[in-house]
Amino acid sequence: MVAATVIAAAAVVVGAAAGNASPVHHARTVVDPGPPAAVTTDAAGCPVTVRCTTSATTSTQLRAALRRAFPAARVVAGAHTVERDRPGVIYQATVLGALEGGAVVSATAACVPGGAAVVEQTVRSANTSLDLAGNTVVHARLLLEIVPGAAGCSVQVYLNSPGVGTSWDTAAISLAHDPGAQVAPR
Amino acid sequence: MTPEHPTSPGWIDLEITASDPAGGGLANPPAPSASSPRPVSRRTVIVAVTVATLALAVAILGLVARSRTVTTTTHLQAVVPVGVDASGCPVGRTCRVSSDPESVVLGAVDRALEFPTVIGSGTVSDVSTNATYRTTLTAVLNAGVSVTTTAQCVPGGSAVPERSAGLAATGPADGAVVVPGAPGCSVVVLVRAPAGAPVPVQAIEHIAHDPSAQLHVAR
């Protein structure tokens with residue numbers, strides 16, 4: 001009977017301690033690193049880890065691709081960024097071409113070292129307004145075509161056609177899909 | 187008052203008095219005195235010990251349960267830049283393209299070059315956030331000089347180094363000035379001038395270093 005009393009007393013003591021006890025909370029934050037980060041590029045397409053030279057002339061390969069898609073195009077501006085010590089390594093090239101009827105086409109090929117695969121997309125839109133009668137007036141048709149190349153690489157073609165004409169769309173899409181327009185992967 | 191009874195041989199006198207029910211009567215025998223304690227049965231002891239042990243076990247379990255350490259682990263996915271496509275749109279985002287340049291960048295060019303003729307422009311912005319990732323415009327000046335200004339931001343990008351081609355005051359000229367903004371952001375001004383044409387070096391430097399020409403994208 002003494003043993004039962006001692007055990008009961010111990011139960012009371014332990015129970016009181018349990019009543020006063022409270023769990024200790026620890027918060028832990030784990031940051032998953034995720035995939036390797038792509039190298040940041042500047043506004044001229046140069047990776048921040050590379051010393052580049054940027055020229056206000058387009059690359060010969062992008063100019064040739066433009067000529068294949070738009071034989072009558074007039075190149076009005078361009079640029080390309082290369083590695084300073086290896087001029088054959090192109091990170092970004094752009095060309096701006098003028099077409100008949102006031103249309104303008106621009107193409108940009110770029111590669112981002114460590115970049116993820118680019119998704120192909122086609123976006124069509126229009127610059128419009130309403131006239132006094134409430135009719136929609138189309139000022140220009142816009143076409144954006146992005147075609148992926150190697151991982152981190154892609155070509156973007158942007159066509160701005162005045163009015164409702166879409167006669168250049170096929171050529172613009174052809175330029176975007178031209179493998180020769182892609183910047184060579186490294 | 188004591189009754190008187192006649193005594194006669196063969197008879198026993200009985201005196202019946204009221205008794206305490208707790209003390210027992212004929213049906214309840216009197217409780218044992220303190221000098222002779224009633225023995226506790228073995229079964230009672232076993233039951234008492236068992237109950238006390240169970241109570242102790244419950245108390246111990248309660249103590250263990252309430253005094254334990256609770257660790258809450260939160261897993262966060264790091265924001266890792268995965269690069270941009272050729273239009274300047276971050277991979278994984280949905281962007282739209284406008285033929286209009288960003289007004290602040292156009293303003294910077296207009297101030298520096300006194301409203302040049304813009305022959306091409308475009309702006310890439312996020313469909314859901316409206317954040318502008320890249321805006322570019324090409325302007326032509328007299329004497330066949332072209333100036334292309336591009337402002338870009340790469341969300342989550344790192345700092346961009348400044349670089350300059352060291353432009354001459356008279357053409358031919360072909361070079362660029364890159365000026366960093368916030369991490370991941372920068373402005374590049376490209377100029378091309380034919381031989382003998384005046385190169386607006388000061389205006390180009392002014393555009394490139396104009397804080398209003400920089401884009402701002404939430405990280």
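So the sequence lines, in the order shown, correspond to chains A and B. At position 179 of the first sequence (counting the first as 1) the number is 179 in my numbering, and the numbers step up by one without a gap. Convert by adding 186 to the 1-based position in the second sequence; the result is the number in my numbering. We put the CB at the ideal spot given by N, CA and C, even for glycine.
| Item | Value |
| --- | --- |
| Beta carbon proximity, B/I305 to chain A, threshold 9 Å | yes |
| Listed by chain order, chain B residues near A/R86 by CB distance under 8 Å | Per Cβ cutoff of 8 Å: no residues; A/R86 is ~17 Å from chain B at best. |
| Identity of the residue in B/V250, B/A379, B/A298, B/D286 nearest A/Y158 by Cα | B/D286 |
| Pair within 9 Å by beta-carbon distance, B/P309 and B/T321 | What sits at residue 309 of chain B in the sequence shown is Thr, not Pro. Cβ distance < 9 Å, so B/T309 and B/T321 count as in contact. |
| Which listed residue (B/S350, B/A355, B/G357) has its alpha carbon closest to that of B/P366 | B/S350 |
| Under 9 Å between C-beta atoms of A/T54 and A/A77 | no |
| Integer Cβ distance of A/T40 from B/V346, believed to fall under 8 Å | 7 Å |
| Closest by C-alpha distance to B/E348, when choosing among B/V270, B/L249, B/A368, B/S227 | B/A368 |
| Contact set for B/A406: own chain, Cβ-Cβ below 7 Å, skip 5 residues either direction | Since the first and last residues shown for chain B are 187 and 405, residue 406 of chain B lies out of range. |
| DSSP bridge partner residues for A/S55 (one or two, in chain order) | A/H80 |
| Residues bridged to B/H158 (per DSSP) | Because residue 158 of chain B is not part of the residues shown, which for chain B are 187 to 405, the question remains open. |
| Within chain B, partners of A/T29 - CB distance below 7 Å | T260, L262 |
| Stretch-stretch touch, CB-based, cutoff 8 Å, three pairs: the region 103-111 of chain A with the region 137-155 of chain A | yes |
| Interfacial residues, the region 374-392 of chain B to chain A, with Cβ spacing under 8 Å | V374, L376, V377, R378 |
| Close beta carbons around A/G180, own chain, < 7 Å, minus the five adjacent residues each side | Q61, A64, A65 |
| Proximal residues of chain B, C-beta to C-beta of A/T33 below 7 Å | At residue 33 of chain A the sequence reads Pro, which differs from the Thr that was named. The answer, in chain order, is A264. |
| Neighbour list for B/P347 in chain A, Cβ cutoff strictly below 7 Å | V48 |
| Any 3 or more C-beta pairs closer than 8 Å across the region 267-287 of chain B and the region 239-249 of chain B | no |
| Nearest to B/P384 (by Cα), restricted to the options B/T356, B/D396, B/Q400 | B/T356 |
| Endpoints, the beta strand (DSSP E) within which A/N127 is located | 121-130 |
| Where the beta strand (DSSP E) through B/N328 begins and ends | B/N328 -> no beta strand (DSSP E), and no H or E assigned at all. |
| Option nearest A/V119 by Cα separation, candidates B/A399, B/S307, B/S273 | B/S273 |
| Option in A/Y91, A/P87, A/T136 with minimal Cα separation from A/C46 | A/Y91 |
| Top-ranked residue by Cα proximity to A/H26, from B/T260, B/V403, B/H402, B/V331 | B/T260 |
| Residue from B/A399, B/Q388, B/G370, B/C281 whose Cα sits closest to the Cα of A/A37 | B/G370 |
| A/D32 beta carbon less than 9 Å from that of B/Q400 | no |
| Simplified DSSP state of B/A337, which is helix, strand or coil | strand |
| Rounded C-alpha distance that separates B/A208 from B/P225 | With a pLDDT of 47 at B/A208, under the threshold of 50, the modelled position of this residue cannot be trusted; read the value that follows with caution. Whole-angstrom Cα-Cα distance: 21 Å. |
| Partners in chain A for B/G361, counting only beta-carbon separations shorter than 8 Å | T54, S55, A56 |
| Residue(s) in a DSSP beta bridge with A/C46 | None; A/C46 has no bridge partner. |
| Rounded straight-line distance, which links the Cα of A/L175 to that of B/P267 | 28 Å |
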